[in-house]
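Q: Quick one: the structure is below, questions incoming.
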Amino acid sequence: METHEETVIPSFVATGRAFRGSVRRRWSLFRSPGRRSGGARTVGHTGRVYTSPIFTSEPMVTRALAAEVRHYGEQLQALLESRSGMESFGTLRRVQCEATPARVDVLLEFERADGQLFLVGLEAKFDHELSREQLLRENDAVQRLFVILQDPDCAPRWLAEEFPTVPVVSWHDVLGCFPASRITMNDLDSIRTPKAAVEARFHRLRLDEQLKGWSIESRRNGSGNPSIVFESPKLPDGRTLRGQIQVAGRGMQRRTEDVRLEGHMGISVIEDDSNFFDPAQSPTVPAWIESLKTLQREVLDGHEERLLISRRAPGNSLRNPGQWKKALASKHLGRDAHLAKGYVDWAIGPKTLPVPLERLDDLAVITVEVFGRWFAAESR
Numbered sequence: 004m005e006t007h008e009e010t011v012i013p014s015f016v017a018t019g020r021a022f023r024g025s026v027r028r029r030w031s032l033f034r035s036p037g038r039r040s041g042g043a044r045t046v047g048h049t050g051r052v053y054t055s056p057i058f059t060s061e062p063m064v065t066r067a068l069a070a071e072v073r074h075y076g077e078q079l080q081a082l083l084e085s086r087s088g089m090e091s092f093g094t095l096r097r098v099q100c101e102a103t104p105a106r107v108d109v110l111l112e113f114e115r116a117d118g119q120l121f122l123v124g125l126e127a128k129f130d131h132e133l134s135r136e137q138l139l140r141e142n143d144a145v146q147r148l149f150v151i152l153q154d155p156d157c158a159p160r161w162l163a164e165e166f167p168t169v170p171v172v173s174w175h176d177v178l179g180c181f182p183a184s185r186i187t188m189n190d191l192d193s194i195r196t197p198k199a200a201v202e203a204r205f206h207r208l209r210l211d212e213q214l215k216g217w218s219i220e221s222r223r224n225g226s227g228n229p230s231i232v233f234e235s236p237k238l239p240d241g242r243t244l245r246g247q248i249q250v251a252g253r254g255m256q257r258r259t260e261d262v263r264l265e266g267h268m269g270i271s272v273i274e275d276d277s278n279f280f281d282p283a284q285s286p287t288v289p290a291w292i293e294s295l296k297t298l299q300r301e302v303l304d305g306h307e308e309r310l311l312i313s314r315r316a317p318g319n320s321l322r323n324p325g326q327w328k329k330a331l332a333s334k335h336l337g338r339d340a341h342l343a344k345g346y347v348d349w350a351i352g353p354k355t356l357p358v359p360l361e362r363l364d365d366l367a368v369i370t371v372e373v374f375g376r377w378f379a380a381e382s383r
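For the sequence shown, this note's numbering assigns the number 4 to the initial residue and increments by one for each residue that follows.
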């Protein structure tokens, strides 16, 4: 009779095998998609292989930068010294984030040979607004201030004109100062910057060369969205033409291909009883109404479609006396009442139809034409 021996596995061996299998299964959950499924992997700034970004917001990246400087700051110090034209800041003693009352992103504290402190500030921007007010505060709080941008060519023009001692440094140059940077270009590319992308397009227009003598400035509007604000030289009666090219709506699309722009061309106005009143109680025609009639007659008539003029009815103002704007437009402009859009305490005039970002150049040409011809008509 044939017999078969039964193999008995000691309990500690079985337990060990089960444990190793469990570890392998759990480890597989943390393996990168690229290694697990053959997905694409990305290469970071240092040439190392990275599978996903880690620092994915402006505050995270600036804090990571502070950590890099604290770990190895010699090359960055040399870069900043060369950009500032100084021989030496001194010896780096301390690195802080959002320090001083001005809340500079990264504050570098150096000790000079005479024992005096020398403060250097780094203000890093991605999609947040870079404002004059912020730079004034920060520049007063330190001895040297630097602005770090993805693309220095996209810095607002006023930065070099009004802050000539504040150099702009690229993130690429900054990361190149760290031999094994923990921050990668892959991290930076993961940060969505739709507002900065729109502003970069705005900066390339150079509209001041076409409307000479006008004030033309790129800045964030009341909704925090990018805009180009126009204001003409004074007209004979002291008023000005005003308006903007801006991102339409209150929110900001996350993808630039979804962004829509609109133009607004208006005549300056003050919200007072001479401009806004009950038209049923007075036959007076406000000056802004007369200007809109001039605009329609001399510039827009017969060209509304080419100039993309929106015919949507103007909105109502709940303010007093601005609440009479729509009634005045209806009485005195009739079928052209759609021209009375805008702001009762700033400027009233037509808006364009919304267009995608790729048509910015077309919108700019229209805005320049309308403003230029309107200004000439009002100046006669």
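Ideal Cβ positions, reconstructed from N, Cα and C, are used throughout, including at glycine. Here the structure is a predicted model, which is why all the values come from computation and not from measurement.
Compare the C-alpha of ASP143 against each of VAL109, VAL262 and PRO104 and name the closest.
A: Among VAL109, VAL262 and PRO104, the Cα nearest to that of ASP143 is on PRO104.
Q: Ordered along the chain, which non-local residues of its own chain (more than five positions away) have a Cβ less than 8 Å from that of VAL64?
A: Once the five neighbours on either side are set aside, the close Cβ partners of VAL64 are PHE58, ALA127, PHE129, ILE186, ASP190, LEU191 and ILE194.
Q: Using only alpha-carbon positions, find the residue among GLY325, VAL177, ARG314 and LEU310 that is nearest to VAL368.
A: Among GLY325, VAL177, ARG314 and LEU310, the Cα nearest to that of VAL368 belongs to LEU310.
Q: Measuring straight from C-alpha to C-alpha, what distance separates VAL201 and LEU152?
A: Going from the Cα of VAL201 to the Cα of LEU152 covers about 15 Å.
Q: Kindly indicate which three-state DSSP category SER184 falls into: helix, strand or coil?
A: Three-state DSSP puts SER184 in coil, outside helix and strand.
Q: When the Cα of ASP108 is compared with those of LEU139, ARG140 and ARG66, which residue comes out closest?
A: For the residues LEU139, ARG140 and ARG66, the minimum Cα distance to ASP108 belongs to ARG66.
Q: Output needed for VAL26: all residues of its chain with C-beta closer than 6 Å, excluding positions within five of it in sequence on either side, in chain order.
A: Caution is warranted here: a pLDDT of 39 is assigned to VAL26, below 50, making its placement in the model unreliable, and the coordinate value is therefore given only provisionally. Closer than 6 Å at the Cβ level, and outside the excluded window around VAL26, lies no residue.
Q: Considering only the alpha carbon of each residue, which of ASP261, GLU71, GLY118 and VAL150 lies closest to PHE92?
A: The option with the nearest alpha carbon to PHE92 is GLY118.
Q: Is the closest heavy atom of the ligand FAD to the C-beta of HIS306 under 7 Å?
A: Summarising the ligand content, the structure contains no ligands, and the ligand FAD is consequently not present.
Q: Name the DSSP bridge partner or partners of PRO229?
A: PRO229 is bridged to ARG223.
Q: Does the pairing of the stretch 265 to 285 with the stretch 209 to 223 give three or more beta-carbon distances under 8 Å?
A: No: the two stretches stay apart, fewer than three of their Cβ pairs being nearer than 8 Å.
Q: Ignore the nearest five residues each way along the sequence and tell me which others in ALA102's own chain have a CB closer than 6 Å to its CB.
A: If we look at ALA102 and ignore the five residues flanking it on each side, its Cβ neighbours are LEU110.
Q: Taking 7 Å as the limit between beta carbons, can you name the residues of its chain near THR94, skipping five residues before and five after?
A: Once the five neighbours on either side are set aside, the close Cβ partners of THR94 are PHE113 and GLU114.
Q: If the criterion is Cβ atoms closer than 8 Å, does the pair PHE181 and TYR75 meet it?
A: In contact: PHE181 and TYR75 (Cβ atoms closer than 8 Å).
Q: Per DSSP, what are the beta-bridge partners of THR355 in this structure?
A: According to DSSP, which records beta bridges pairwise, THR355 is partnered with ILE312.
Q: Kindly indicate which three-state DSSP category LYS237 falls into: helix, strand or coil?
A: Of the three classes helix, strand and coil, the one that applies to LYS237 here is coil, per DSSP.
Q: Suppose the cutoff is 8 Å on Cβ atoms and the five residues either side in sequence are ignored; what does the same chain contact list for ARG362 look like?
A: Excluding residues within five positions, the ones whose Cβ falls inside 8 Å are LEU264.
Q: Of all the beta strand (DSSP E) runs that stay within the bounds of the stretch 284 to 352, which reach a length of 3 or more residues?
A: The stretch 284 to 352 contains these whole beta strand (DSSP E) runs: 344 to 346 and 350 to 352.
Q: In this structure, how does DSSP classify PHE149 when only helix, strand and coil are distinguished?
A: Three-state DSSP puts PHE149 in a strand.
Q: Once the 5 residues before and after GLU234 are set aside, which same chain residues still bring their CB inside 6 Å of it?
A: Hits under 6 Å: SER218, THR243 and ARG245.
Q: Does the Cβ-Cβ distance between LYS344 and LYS354 come in under 8 Å?
A: Contact: yes.
Q: Spatial neighbours of HIS131 within its chain, please: CB distance less than 7 Å, with the 5 preceding and 5 following residues excluded, ordered by chain position.
A: Result list for HIS131: GLU61, in chain order.
Q: Assuming VAL150 and VAL123 make a contact with CB atoms under 8 Å, what is their CB distance in whole Å?
A: Not a contact, Cβ separation roughly 12 Å.
Q: Terminal residues of the continuous beta strand (DSSP E) containing ALA394?
A: As shown, the chain starts at 4 and ends at 383. That puts residue 394 outside it, with no answer to give.
Q: Mind checking whether PRO324 and HIS341 have CB atoms under 8 Å apart?
A: No, Cβ-Cβ distance for PRO324 and HIS341 is not below 8 Å.
Q: Could you check how far apart the C-beta atoms of ILE270 and THR370 are, in whole angstroms? I think they sit under 8 Å.
A: Rounded, the Cβ-Cβ distance is 15 Å, inconsistent with contact.
Q: Apply the 10 Å Cβ neighbour rule to VAL177 and answer buried if 16 or more other Cβ atoms are within range, or exposed otherwise.
A: The residue in question, VAL177, is buried, as its Cβ has 16 or more Cβ neighbours within 10 Å.
Q: In the structure shown, what three-state DSSP assignment does PHE129 receive?
A: The answer is coil: DSSP assigns PHE129 none of H, G, I, E or B.
Q: Can you name the start and end residues of the beta strand (DSSP E) that GLU265 belongs to?
A: Start and end: 263 to 271.
Q: Let me confirm a value: GLU260 is counted as buried when at least 16 other C-beta atoms fall within 10 Å, else exposed. Which label applies?
A: By the neighbour-count rule (16 or more Cβ atoms within 10 Å), GLU260 is not buried but exposed.
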